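Number of protein chains: 2
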Amino acid sequence: MRISAKADYAVRAALQLAAAEPGGTVKAECVAEAQEIPHKFLEGILNDMRRGGLVASQRGVNGGYRLAKPTEDISIADIIRVVDGPLVSVRGVRPPELSYSGPAESLLPLWIALRVNVRQILEGVSLADLVSGRLPGEVSLLTDSPSAWANP
Amino acid sequence: MRISAKADYAVRAALQLAAAEPGGTVKAECVAEAQEIPHKFLEGILNDMRRGGLVASQRGVNGGYRLAKPTEDISIADIIRVVDGPLVSVRGVRPPELSYSGPAESLLPLWIALRVNVRQILEGVSLADLVSGRLPGEVSLLTDSPSAWANP
DNA sequence: TAGTTTTCCTACCTGATTGGTAGGGATAAT
DNA sequence: ATTATCCCTACCAATCAGGTAGGAAAACTA
Chain A
1 MRISAKADYA
11 VRAALQLAAA
21 EPGGTVKAEC
31 VAEAQEIPHK
41 FLEGILNDMR
51 RGGLVASQRG
61 VNGGYRLAKP
71 TEDISIADII
81 RVVDGPLVSV
91 RGVRPPELSY
101 SGPAESLLPL
111 WIALRVNVRQ
121 ILEGVSLADL
131 VSGRLPGEVS
141 LLTDSPSAWA
151 NP
Chain B
153 MRISAKADYA
163 VRAALQLAAA
173 EPGGTVKAEC
183 VAEAQEIPHK
193 FLEGILNDMR
203 RGGLVASQRG
213 VNGGYRLAKP
223 TEDISIADII
233 RVVDGPLVSV
243 RGVRPPELSY
253 SGPAESLLPL
263 WIALRVNVRQ
273 ILEGVSLADL
283 VSGRLPGEVS
293 LLTDSPSAWA
303 NP
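Line by line, the protein sequences are chains A and B.
Read in order, the letters of the first sequence are residues 1 to 152 in the working numbering.
Read in order, the letters of the second sequence are residues 153 to 304 in the working numbering.
Structural data, given as structure tokens:
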């Protein structure tokens, strides 16, 4: 269960746009510098996000990127799906397409439950939540225990 | 967020062992056949699980594999960690080792929350739960809604 | 002791994915 | 016309995923 560099970069770039003045545009180069992301690599990611309808772009001298929707209307799940495809997969296929037999039969509901859980977090948190630093209650509850921060 | 073939196979193999007569051993070949897993590939996985202390093996004529612990004491998280390493990582590193700056600062708590959530599911379900077909209440609750089974 | 059956170990392989880089074309403003 | 920016295509090296092959080591059986 790994979050790819692409997804991580995409979210950080989106946050950088979200934090900028509303209405204004930000150059890819600036985002790259602010978040220490390789510039050309980031360009590709921003392009994916544009095709996915998350950001809008402007070419030319005072060009750059801006979010295509209000920050509250873009969830982290939206971003990850746009750059990396389905949130959760097993052997590359999405849980509902799986089929198990014998003692493994109830493995399917387990993967489904896992996916629901991941969705709840990633769909439930918006760019607005992150830039404000206030995660939704049920999410920030999860980070309370010290064990949440410990490696096993 | 993908579950690898290795992890999927490992859990299914463990379930097959869990479903066998307690005390008896099962040959890799039988597990492979029952779950349609490539035999030699499975051998490697069972070996990982042996080194990880999850299964025990016996060579020779009536040899095979059996679980090294009671089925209630082996969680799905245990299995995945043994074959694939850390449950959740971002760009290959575990969340607590990350550091973000500027508007991305509260991204870290988000990944932490995500990891806690994944842990709750995968550490909270044992082989015993799966072979009995009864998932813990809080897990099976998640699979109730029809939307849980729908692709986005 | 010889033979059989199983696990165990090492090495290898192919294709896809990840995380980039390079160079230049299209477009918008000055 | 120039400049600044996005946009597009192609390429690349390293790693990983998923799997195969062959045989050595151990345990039992006759």
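Just so it is clear, CB atoms sit at the ideal spot from N, CA and C, and this is done for glycine as well.
Here the structure is a predicted model, which is why all the values come from computation and not from measurement.
- Excluding five sequence positions before and after residue 82 (chain A), the CB atoms of its chain that fall closer than 7 Å to its own CB belong to 48, 49, 52 and 54, given in chain order.
- Your pair residue 288 (chain B) and residue 131 (chain A) does not check out as a contact, with CB atoms roughly 36 Å apart and the cut at 8 Å.
- Contacts with chain B at 9 Å (Cβ-Cβ) do not include residue 73 (chain A).
- Contact between the segment 10-25 of chain A and the segment 69-87 of chain A is present: three or more C-beta pairs spanning the two stretches fall below 8 Å.
- Measuring C-alpha to C-alpha distances from residue 22 (chain A) to each of A:43, A:44, A:72 and A:37 identifies A:72 as the nearest.
- When A:151, A:143, A:116 and A:144 are compared, the shortest CA-CA separation from residue 299 (chain B) is found for A:116.
- In terms of CA proximity to residue 75 (chain A), B:259 leads the group B:198, B:259 and B:245.
- Residue 257 (chain B) belongs to the set of residues whose beta carbon lies under 9 Å from a beta carbon in chain A.
- Closest by C-alpha distance to residue 216 (chain B), out of B:184, B:250, B:275 and B:277, is B:184.
- Check the Cα spacing between residue 169 (chain B) and each of B:208, B:252 and B:191: the tightest is with B:208.
- Under the Cβ criterion of 9 Å, residue 252 (chain B) is counted among the residues facing chain A.
- At a Cβ-Cβ threshold of 9 Å, residue 111 (chain A) and residue 139 (chain A) do not count as neighbours.
- The closest CA to that of residue 14 (chain A), considering only A:2, A:1, A:42 and A:3, is found on A:42.
- When secondary structure is reduced to three states using DSSP, residue 287 (chain B) falls in the coil class, being assigned neither helix nor strand.
- Here residue 271 (chain B) carries a helix assignment [DSSP, helix/strand/coil].
- Taken through DSSP and simplified to helix, strand or coil, residue 208 (chain B) comes out as strand.
- Residue 65 (chain A) is bridged by DSSP to A:26 and A:57.
- Straight across, the Cα-Cα distance linking residue 213 (chain B) with residue 101 (chain A) is about 28 Å.
- Residue 158 (chain B) and residue 197 (chain B) do touch by the CB rule: their CB atoms are close to 6 Å apart, below 8 Å.
- In the DSSP secondary-structure assignment, residue 4 (chain A) is not bridged to any residue.
- Contacts with chain A at 9 Å (Cβ-Cβ) do not include residue 201 (chain B).
- Excluding residues up to 5 positions away in sequence, nothing lies with its Cβ nearer than 6 Å to the Cβ of residue 120 (chain A) in the same chain.
- Taking C-alpha positions only, residue 84 (chain A) is separated from residue 192 (chain B) by approximately 31 Å.
- Listed along chain B, no residue sits closer than 9 Å to residue 126 (chain A) by beta-carbon distance, the nearest being about 11 Å off.
- The C-beta of residue 54 (chain A) comes no closer than 9 Å to any C-beta of chain B.
- Checking the DSSP bridge columns, you'll see residue 90 (chain A) partnered with A:93 and B:155.
- For residue 42 (chain A), the nearest beta carbon of chain B is not closer than 9 Å to its own beta carbon.
- Taking the C-beta atoms as reference points, residue 2 (chain A) is found nearer than 9 Å to residue 242 (chain B).
- In the displayed model, residue 101 (chain A) falls within coil according to three-state DSSP, outside both helix and strand.
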